[in-house]
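If you count the sequence shown from 1, you need to add 569 to reach the working numbering.
Reviewing the structure listed below.
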Amino acid sequence: MIVANKFNSMHQEQEYLTKEKFKALGKELEHLKTVKRKEAAEALEYAKSLGDLSENQEYQEARDSQAILEDRISRLEAILKSAKIVSAQGTNLIAVGSVITVEKDSDKSHKSYTIVGSEEADATNGKISINSPLGIAAVGKSKGDKFSFETPSGMMSYKIIDIK
Numbered sequence: 570m571i572v573a574n575k576f577n578s579m580h581q582e583q584e585y586l587t588k589e590k591f592k593a594l595g596k597e598l599e600h601l602k603t604v605k606r607k608e609a610a611e612a613l614e615y616a617k618s619l620g621d622l623s624e625n626q627e628y629q630e631a632r633d634s635q636a637i638l639e640d641r642i643s644r645l646e647a648i649l650k651s652a653k654i655v656s657a658q659g660t661n662l663i664a665v666g667s668v669i670t671v672e673k674d675s676d677k678s679h680k681s682y683t684i685v686g687s688e689e690a691d692a693t694n695g696k697i698s699i700n701s702p703l704g705i706a707a708v709g710k711s712k713g714d715k716f717s718f719e720t721p722s723g724m725m726s727y728k729i730i731d732i733k
């Protein structure tokens, strides 16, 4: 249980990414900086040329779009700066990168999930964030352990069937 507590306190300080996701975010950042920034600047210049800025809707929209773009660039830079590259640990404890099979206590159904960093989370494809209620409750557990967590629809309880 010490491993889980240590890990839970660490996972909030860093973004955990697979090598593939790290590369994809790097490509996105480069595209935003080189292509999208130029497009945003051009849109802003065009909108300025339309006249009175105080009543110029295109200018306001261009400024808003540019602000959203700069926010995304800043977020990506922060993520990539603090990122820790992870892969399946090959351990018997659940961590980022683990593929787990769990059994739901209420109906004994089995589901498999991959525990990932928050940037890679995609519940429809079975990628569960380490920061989700399930991820937080499962990290540090081993095969055969049971765990529970609160959801908006009530308490959920699972048993760990397998860890890869």
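Glycine included, each C-beta is placed from N, C-alpha and C at the ideal position.
### Query
Can you tell me whether DSSP reads residue 652 as helix, strand or coil?
Within the sequence shown, the letter at position 83 stands for residue 652. Three-state DSSP puts residue 652 in a strand.
### Query
Under a three-way DSSP split, which group does residue 717 fall into?
In the sequence shown, the residue the question calls residue 717 occupies position 148. Looking at residue 717 - three-state DSSP - the assignment turns out to be strand.
#### Entry: Within the stretch 591 to 660, ranges of the alpha helix (DSSP H) (whole runs, at least 4 residues)
606 to 617 and 626 to 651
### Message
What does the alpha-carbon distance come out to for the pair residue 667 and residue 605?
### Response
As a first step, residue 667 must be located in the sequence shown, where it is residue number 98. As a first step, residue 605 must be located in the sequence shown, where it is residue number 36. C-alpha separation (whole angstroms): 35 angstroms.
### Message
Does the structure place the stretch 665 to 680 close enough to the stretch 602 to 617 that three or more beta carbon pairs sit under 8 angstroms?
### Response
no
### Task
Quick one: residues in its chain with C-beta nearer than 7 angstroms to the C-beta of residue 661, no 5 flanking neighbours on either side, listed in chain order?
The count along the sequence shown starts at 1 and reaches residue 661 at position 92. The answer, listed in chain order, is 711, 712 and 732.
### Message
With a threshold of 7 angstroms on Cβ separation, who are the neighbours of residue 627 within its own chain once the five nearest residues in sequence on each side are excluded?
### Response
Reading the sequence shown from its first residue, position 58 is the one you call residue 627. The answer, listed in chain order, is 616 and 619.
### Task
Identify every residue that forms a DSSP beta bridge with residue 683.
Counted from its first residue, the sequence shown places residue 683 at position 114. Answer is 668 and 696, bridged to residue 683.
### Task
Would you tell me roughly how many angstroms separate the C-alpha atoms of residue 654 and residue 706, rounded to the nearest one?
As a working mapping, residue 654 is identified with position 85 in the sequence shown. As a working mapping, residue 706 is identified with position 137 in the sequence shown. Roughly 22 angstroms separates the two Cα atoms.
### Task
Report yes if the CB atom of residue 704 is closer than 7 angstroms to the CB atom of residue 730, and no otherwise.
Along the sequence shown, read from residue 1 onward, the residue named residue 704 stands at position 135. Along the sequence shown, read from residue 1 onward, the residue named residue 730 stands at position 161. Taking 7 angstroms as the Cβ cut-off, residue 704 and residue 730 do not qualify as a contacting pair.
### Task
For the beta strand (DSSP E) holding residue 586, just list the boundary residues, first then last.
Reading the sequence shown from its first residue, position 17 is the one you call residue 586. Residue 586 -> beta strand (DSSP E) spans 584 to 586.
### Query
Of the choices 694, 702, 651 and 709, whose alpha-carbon is the least far from that of residue 585?
In the sequence shown, residue 585 corresponds to position 16, counting from 1. Ranking 694, 702, 651 and 709 by Cα distance to residue 585 puts 651 first.
### Buried or exposed (CB count within 10 angstroms, at least 16 for buried), residue 587
Here residue 587 is taken as the residue at index 18 of the sequence shown, counted from 1. Buried, by the Cβ-count rule.
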